[in-house]
Amino acid sequence: MAVLDEVPHVTARVRVAGELATEYDPLDDEEAVVKLDKEGTKIPRKVCYIESKSGAEFAIEIVVSDKYQPPNSHDSFIAEVYVDGERRRCKILDVPLSSKALQHEMIIPRTPSPEPSATTSIDASALSLLTESDIRRLALERLRDTQIKNEPSHVKREAEEASQSPRRWKFVRLDDGKEAVDLTDD
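163 is the number that UniProt numbering gives to position 163 of the sequence shown; each next residue is one higher, with no gaps.
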């Protein structure tokens, strides 16, 4: 089972004909190829060999633990597999954004503020215990709360949706019966 020191929560193993294959380290005289990402940071990698018969079915299992945390500058995990020097298909697993991040990007609406429940409202008997100045203060607070503008929820439109123009086009009928858009009007 291949485990990288830099990424301890990711493991890879090979099964040949349903059985777990024995993995061998590369020979000492082989030169290790170092790959760098866009920032020039070394990409962690592991090279190992297995013994198998030509034409035998095999599977490569890559397991990512739920304890895996991608680096701060990355939000995805990419596994590249090479067999006999040729790159094979790979799957990309995206780390989903949290709902807080989606709300920050205005993709989903914010969580609404909780509404006061009926049990927390003041009934008539409790109101009789308050002084006139307290009643005025509560009434002014309530009035101010109702006058605060309700914030509409903004959700980004989908790519397929047509954007709505802020004003209507002015169509003009020409002498020959065709319609044209008048762009000269302010």
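In this text, a Cβ means the ideal position worked out from N, Cα and C, and glycines have one as well.
- For residue 62, the uninterrupted beta strand (DSSP E) segment begins and ends at 58 to 64.
- In the DSSP assignment, residue 146 falls within the unbroken alpha helix (DSSP H) covering 132 to 147.
- When DSSP states are grouped into helix, strand and coil, residue 53 belongs to the coil group.
- Closest in C-alpha terms to residue 35, from the list 48, 20, 80 and 181, comes 80.
- Counting along the chain, residue 17 sits inside no beta strand (DSSP E), nor does DSSP assign it H or E at all.
- Residue nearest to residue 146 within the set 159, 115, 135 and 60 is 115 (criterion: CA-CA distance).
- Straight across, the Cα-Cα distance linking residue 184 with residue 141 is about 51 Å.
- Annotation: residue 68 to residue 7 spans about 8 Å, alpha carbon to alpha carbon.
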